[in-house]
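Single-structure report; data block below.
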Amino acid sequence: MYTLFIDSHSSNICLALYNGKVLIKKEKESIESHSIFLVPMLKELLDENNISFDEIANVVAVNGPGSFTGIRIGLSVAKAICYSLKKPIYLISSLTSLLVSVDSDTCKMAVIPDNKGFYVSVFDENNNSVVDERYQENIDEFLAKYKIVDGALNVEKVIKYALKQEPVNVFKVKANYVKVIEVMDDKK
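For the sequence shown, our numbering assigns the number 146 to the initial residue and increments by one for each residue that follows.
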């Protein structure tokens, strides 16, 4: 049985199958084309390795923060698979996935910048967990204490970490967006 991994939070799509021993990964750069490539990539990944959907035990999906549309596409595919196959879904933030990918003796943080600030996640090695994840306009206070990790994912470590968490009810899966969308109230 395999864990299916889906990450579409950035301009890179990463899909993987992991059975506890072997990791099979497929990646593609996809600027504004996730909806075109993700499902065919998944079909290719399964077909090339003679794996059927029946062999998928669960799904680990990255739920952001990151690309608004990319996250929605990846989560929609993950939810459809889990709902139709009655399989559990595990979520992991893109920042946490970066943090667990890196072995480090130092305090570490992952950062996603935008034009007004930064989404920051801080990891506690002692507890093996994220201790703080929030939006910051300035990260100078963090830079004195934490080292920023690079953007390389270790998919096997990410899957193992995610599977130690509780699965999420497929109907309660939510994206974790960088920006809060403000709506104007015309009635005021």
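Glycine included, each C-beta is placed from N, C-alpha and C at the ideal position.
Note that the coordinates shown come from a computational prediction; the quantities given were computed from them, not determined experimentally.
Between which two residues does the alpha helix (DSSP H) carrying A225 extend? Translated into the one-based positions of the sequence shown, residue 225 becomes position 80. 213-230 is the extent of the alpha helix (DSSP H) around A225.
Based on the DSSP output, what are the partners of C252 in its beta bridges? Indexing the sequence shown from 1 puts residue 252 at position 107. Paired residue(s): none; C252 is not in a bridge.
Which residues does DSSP list as the beta-bridge partners of I293? The sequence position of residue 293 within the sequence shown is 148, counting from 1. According to DSSP, I293 bridges with M254.
Counting only the same chain and skipping the five closest in sequence on each side, list residues whose C-beta sits under 8 Å from that of V276. Here residue 276 refers to the residue found at position 131 of the sequence shown. Counting only Cβ-Cβ distances below 8 Å, and skipping sequence neighbours, we find V267, F268, D269.
Y306: first and last residue of the uninterrupted alpha helix (DSSP H) it sits in: Your numbering for residue 306 matches position 161 in the sequence shown. Where Y306 is concerned, the enclosing alpha helix (DSSP H) stretches over 300-308.
Measuring alpha carbon to alpha carbon, tell me which of Y163, A206, S153, N283 ends up nearest G262. Along the sequence shown, one-based indexing puts residue 262 at 117. Of Y163, A206, S153, N283, the residue nearest in Cα terms is N283.
Terminal residues of the alpha helix (DSSP H) in which D269 lies: Mapped onto the sequence shown, residue 269 falls at position 124. First-last for D269: 263-269, but that is the beta strand (DSSP E), not the alpha helix (DSSP H).
Sequence-distant residues of its chain with Cβ nearer than 7 Å to E172 (five each side left out): The residue you call residue 172 lines up with position 27 of the sequence shown. Within the same chain, E172 has close Cβ partners N157, I158, C159.
What does DSSP give as the partner residues of F150 in its beta bridges? Start at 1 with the first residue of the sequence shown, and residue 150 comes out as number 5. For F150, which the question treats as bridged, DSSP gives the partners A161, V205.
Rounded Cβ spacing between S338 and I218 (contact assumed at less than 8 Å): It is not possible to answer for residue 338, since the shown part of the chain is limited to 146 through 333.
Run of the beta strand (DSSP E) containing I169, from where it starts to where it stops: To locate residue 169, count along the sequence shown from 1; it is residue 24. That run of the beta strand (DSSP E) goes 168-174.
Are the Cβ atoms of P210 and Y322 separated by less than 9 Å? For the purposes of this step, residue 210 is taken as the residue at position 65 of the sequence shown. For the purposes of this step, residue 322 is taken as the residue at position 177 of the sequence shown. In contact: P210 and Y322 (Cβ atoms closer than 9 Å).
What did DSSP end up calling S239 once you bin it into helix, strand or coil? For this step, residue 239 is matched to residue 94 along the sequence shown. Looking at S239 - three-state DSSP - the assignment turns out to be helix.
Short of 7 Å in beta carbon distance, which residues of its chain neighbour N299, apart from the five on each side in sequence? Order them along the chain. For this step, residue 299 is matched to residue 154 along the sequence shown. Answer for N299: S246, listed in chain order.
Less than 9 Å between the C-beta atoms of A223 and I237, yes or no? As a first step, residue 223 is located in the sequence shown; it is residue number 78 there, counting from the start. As a first step, residue 237 is located in the sequence shown; it is residue number 92 there, counting from the start. In this structure, I237 does not lie closer than 9 Å to A223 by Cβ.
Contact check, S197 vs L191, beta carbons under 9 Å: Position 52 of the sequence shown, counting from 1, holds the residue named residue 197. Position 46 of the sequence shown, counting from 1, holds the residue named residue 191. In this structure, L191 lies closer than 9 Å to S197 by Cβ.
Would you kindly report the start and end of the unbroken alpha helix (DSSP H) that includes V184? If you number the sequence shown from 1, residue 184 lands on position 39. Unbroken alpha helix (DSSP H) run through V184: 179-193.
Could you check the C-alpha separation between V315 and N194 for me, to the nearest Å? Position 170 of the sequence shown, counted from the first residue, corresponds to residue 315. Position 49 of the sequence shown, counted from the first residue, corresponds to residue 194. Computed Cα separation, rounded: 27 Å.
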